[in-house]
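Here the sequence shown stands for residues 1 to 169, numbered as in this note's numbering.
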Amino acid sequence: MEITVVEGDLTQQHVDAVVNAANRHLRGGGGVDGAIHRAGGPAVLEDCVRRFPHGLATGDAGWTTAGDLPARWVVHVVGPDHRAGETDRALLLSCYTRAVEVADEVGARTLAFPLVSAGVYGWPREDAAAAAVEALRSVAATTGVTEARLVAYDAAAAALLRDALGDAP
Ligand code: AR6
């Protein structure tokens, strides 16, 4: 599995599955979650309600349709809410490793990730970038996923991710 970094909008990525930084209720929200539901249309929420009537636990992942997005699936993950005192880093690592497991379950080969927990949930961005790379590297040899694309929403996040990958421009 190759780990890549691009700057852009997660919802516009042409990959098999995009990863959503959701919350435990899985009923939409702000940030990238709001963007995915807006661009994907009502089918995404309908599938969330149908497949996850009780939501998901922090650190866990689950898939739905991607509705109108270019991707086929959304893999929803629930990052820890650092602002609310959820500072267990293992839960953040788990978001990435569980997302790759779910991608393997459905047969998705290319995956695009946001920087989970680094927005509304307030995880320090540099460590969020390091955790993303660390977690993805830990499963790189054992997954059928061929590309894990880390999508930075701005240039600063892209620089942090490239630093974490060790290939600063
Ligand atoms: N494309 C790529 N990255 C984005 C986009 C986008 N369209 N929009 C935001 N980001 P956040 P969290 C970046 O807040 O911290 C929601 O209300 C953003 O700059 O989306 O895990 C959920 O429902 C940041 O780097 O997710 C939850 O309640 C990263 O995506 C809560 O927020 C994650 O920021 C989850 O908070």
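Beta carbons: idealized from backbone N, C-alpha and C, even for Gly.
Among the residues of its own chain, which have a CB less than 6 Å from the CB of residue i, if the five just before and after it don't count?
i	result
Ala135	Leu93, Tyr96 and Thr97
Gly119	Gly31
Ala22	Asp33, His76 and Val78
Pro70	His14
Ala130	Ala164
Out of curiosity, what's the CA-to-CA distance linking residue i and residue j?
i	j	result
Ala168	Arg50	Its pLDDT being 49, under 50, Ala168 is placed unreliably by the model, and nothing is read from it.
Cys57	Val78	The sequence given here places Ala at residue 57; Cys does not occur at that position. Approximately 7 Å, taken between the alpha carbons.
Ala112	Val15	7 Å
Glu105	Gly144	10 Å
Asn20	Pro114	7 Å
His82	Ser117	7 Å
Asp88	Ala132	14 Å
Val100	Glu86	22 Å
Excluding five sequence neighbours on each side, which residues of the same chain lie with their C-beta closer than 7 Å to the C-beta of residue i?
i	result
Thr146	Met1, Glu2, Arg109 and Thr110
In terms of residues, what are the limits of the beta strand (DSSP E) holding residue i?
i	result
Ala22	Ala17 to Ala22
Thr65	Ala61 to Thr65
His54	Premise fails: His54 is in no beta strand (DSSP E) and is neither H nor E.
Since residue i and residue j are thought to touch, with beta carbons under 8 Å apart, how far apart are those beta carbons, to the nearest angstrom?
i	j	result
Val74	Ala66	5 Å
Leu160	Glu126	6 Å
Val6	Arg149	6 Å
Ala68	Gly29	One detail in the question is off: residue 68 reads as Asp in this sequence, not Ala. Rounded, the Cβ-Cβ distance is 19 Å, inconsistent with contact.
Counting along the chain, where does the alpha helix (DSSP H) carrying residue i start and finish?
i	result
Ala129	Arg125 to Val139
His76	First-last for His76: Trp73 to Val78, but that is the beta strand (DSSP E), not the alpha helix (DSSP H).
Practice prompt. Closer than 6 Å is what we want: which residues have a beta carbon that near any heavy atom of ligand 1? List them in chain order.
Written response: Asp9, Leu10, Thr11, Ala21, Ala22, Asn23, Gly29, Gly30, Gly31, Val32, Asp33, Ala35, Gly79, Pro114, Leu115, Val116, Ser117, Ala118, Gly119, Val120, Tyr121, Val151, Tyr153 and Ala157
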